[in-house]
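See structure below.
Protein chains in written order, with our numbering: chain A, 1 to 147; chain B, 148 to 726.
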């Protein structure tokens, strides 16, 4: 029937796949500090008054401490009011941009838009191969790209 | 002069003829109005006939669909009996051995059946069921009771050769029945050591059952719990395996959709966006349904016998009954037919259910899938209610992630704007739409159409020609009179008057026709506005309902996250305090 060598081979494969392990931790609950920073993304209610570098530091800290991957960008709902709908924090240029209704988002972040508009999620982290929805309580939902 | 005399006589005739013509024209005008009314009636009848035809077509399609479902259902009901008959024919003799298993043990407890009878019966079955693992196992027990170690060893060897795993579990459970805990632990240990968590046989559910119901003794239970928690930890690190579980839970939860309320009647007709709205609302209902399912599963105490023998016999029964590989194809077919019956003949629904429970019919599964099987399907995976609670608690993270994915997918599927169509008008509802504006836009559209139709009401071509020819005749009459051809002029005068009157009557009918068109336009506008307002009200209702349903996702998450596996592991009756 079942034999142990088979089992051992399986264990070997498991421990070898560190790349996949990274995606596992992505689903972990986000820290309260990180959530506060995300809320700060919009708390001022004005464009350009948020200290962007502080925010980016907070994001990098969160991901460098625990996770292997850093998101390409973060999309969340914009509370500036009409005509603004969502804003993004692009991690490469580290700039906050506010987008109007119907205005497309760059860097493949558009797929996060409809989720970001909902008040169910505090923010949507965009990765090359997936989206992670962060709820206001810090819990997360992993979405593969095809979904 | 003579001519003049004749003319006076003729003139009175002409006047009376003209009067006659006027009367005739009047009558003609009246008939025209009547005809117009009749045409309106015909138009109305045609509209209603068309409506009825559409209704009839819908009813026919519905009838064909119902007939197809009815036939599928009947066929499935017949075939399910056939499959069960076949199972009975092919494996019926196994049933005798199965009954003998717990029968033997209980007879021995009572001590009222002679050892010879048990031996004779089990040896006879040995001849009749070649290759079946349970018969030598029974012979081994009979020999053990009679204290014939040589025969017992031989029979044990044969049973293990036929099916090592099931026989080991069988002996472990029989020994536990007699509270020989150390021997039980030895059998369980060698069984567990052989298992590969990536390829467990389905009968491993029995081990889960024995652990969660506290049926294994002091030594075996902690050992198994430790081993299982090591497997759980290790497999949980494999993202692919975990993803598969999350996927399965998402699929299974998605089958819990509740159909949308039939009170939405205008939106389906007026909005081309309706299919998306319906899908969104139905998709949102799974969270409430899942929470109800969970609460029902965890409601009340687990029915559990306080007698150790009864608990072991339950599990033994499951072990010998549910997991024989030869029966698996028949059981799978039976499950498919049962799914068709449950879905009232709808193959699409049955297919969805079967895809969601596919791993239930696989011969070997990984440990996490086995946990999902037991948690999702309980009894059908061979798990007792207690085991289902235990495994549900272990599977809660996958359930939460699966529900989270469905929730996110549902939120993302919300259409940015809802399209509404009525009377050739199209409008969109989004966050910033004002109902009054929509209504205004629709009214304007219909009024524009009415105004256009009114402006198209003119004198008929013949009447226009009549007035032109009448004018010409008058002109020629004048010249003829001047030229001295009095009779001809008089005739032409008569013709001109007749044509002129005809044109005048046609002209007089125009305001009535215009008023009729305006009246209809008003009716159309009022009816369309009522339907539009109704549709907007339904949309508001639907949004509210959707928000209530999707909010249940949070409540489901809170409930599921509160489940802890260890709380659902029972203690054996002989290990309770004071036992």
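From the three backbone atoms N, C-alpha and C, an ideal C-beta is built for every residue, glycine too.
Owing to the predicted nature of the structure, the values given are computational and were not obtained by experimental measurement.
- Under the three-pair Cβ rule at 8 Å, the region 564-584 of chain B does not count as touching the region 429-439 of chain B.
- By the neighbour-count definition (other C-beta atoms within 10 Å, threshold 16), residue 342 of chain B is a buried residue.
- The DSSP assignment places complete beta strand (DSSP E) segments of no fewer than 3 residues inside the region 550-598 of chain B at 565-569, 572-576, in order along the chain.
- Fewer than three pairs of CB atoms, one per stretch, sit closer than 8 Å, so the region 124-133 of chain A makes no contact with the region 680-700 of chain B.
- Spanning the alpha carbons of residue 467 of chain B and residue 703 of chain B requires a straight line of approximately 37 Å.
- Using a CB distance cut-off of 8 Å, residue 27 of chain A counts as an interface residue toward chain B.
- Under a criterion of Cβ atoms nearer than 8 Å, the residues of chain A adjacent to residue 552 of chain B are, in order, 141, 142, 143, 147.
- Scanning B:326, B:331, B:327 for the CA closest to the CA of residue 314 of chain B turns up B:331.
- Going by DSSP, residue 87 of chain A is part of the beta strand (DSSP E) stretching over 84-90.
- Between the alpha carbons of residue 205 of chain B and residue 708 of chain B lies a gap of roughly 47 Å.
- Contact annotation, residue 413 of chain B with residue 678 of chain B: C-beta distance approximately 6 Å; criterion of less than 8 Å satisfied.
- The beta carbon of residue 421 of chain B sits closer than 7 Å to those of 414, 415, all from its chain and outside the five residues before and after it, given in chain order.
- Against chain A, the beta carbon of residue 370 of chain B has no neighbour under 8 Å; the closest one sits roughly 17 Å away.
- Nearest CB-CB separation between residue 399 of chain B and chain A: not below the 8 Å threshold.
- For residue 122 of chain A, the closest alpha carbon among the candidates A:109, A:111, A:139 is that of A:139.
- Interface flag for residue 76 of chain A against chain B is unset, since no Cβ pair is found closer than 8 Å.
- Residue range 73-77 is occupied by the beta strand (DSSP E) that includes residue 73 of chain A.
- Chain order gives no chain B residues near residue 98 of chain A, where near means a beta carbon separation below 9 Å; the closest approach is about 17 Å.
- In chain order, 280 place their CB closer than 6 Å to the CB of residue 310 of chain B, counting only its own chain and leaving out the 5 sequence neighbours on each side.
- For residue 144 of chain A, the secondary structure class from DSSP, reduced to helix, strand or coil, is strand.
- In this model, residue 253 of chain B and residue 361 of chain B are separated by some 21 Å (Cα to Cα).
- The Cβ-Cβ distance between residue 335 of chain B and residue 517 of chain B does not fall below 8 Å.
- Linking residue 290 of chain B to residue 299 of chain B through their CA atoms gives a straight-line distance of about 5 Å.
- At a cut-off of 8 Å between beta-carbon atoms, residue 115 of chain A makes contact with chain B.
- Note on residue 160 of chain B: under 16 other CB atoms within 10 angstroms of its CB, so exposed under the neighbour-count rule.
- One finds nothing in chain A with a Cβ atom closer than 8 Å to the Cβ of residue 303 of chain B; even the nearest lies about 17 Å away.
- With a cut-off of 8 Å on Cβ pairs, the region 635-655 of chain B is not in contact with the region 383-390 of chain B, counting fewer than three such pairs.
- For the pair residue 539 of chain B and residue 710 of chain B, the CB atoms are nearer than the 8 Å cut-off.
- Taking the Cα positions, residue 174 of chain B is about 26 Å away from residue 191 of chain B.
- Residue-level contact check: residue 31 of chain A does not touch chain B, since none of the beta carbons of chain B fall below 8 Å from its beta carbon.
- At a cut-off of 8 Å between beta carbons, residue 558 of chain B contacts chain A.
- Bridge partners of residue 132 of chain A according to DSSP: A:125, A:142.
- Interface annotation, residue 120 of chain A: in contact with chain B, CB-CB separation under 8 Å.
- Under the Cβ criterion of 8 Å, residue 555 of chain B is counted among the residues facing chain A.
- Taking residue 601 of chain B as reference, the option from B:665, B:544, B:593 with the minimal CA-CA separation is B:665.
- Residue 691 of chain B: member of the alpha helix (DSSP H) spanning 633-708, first to last residue.
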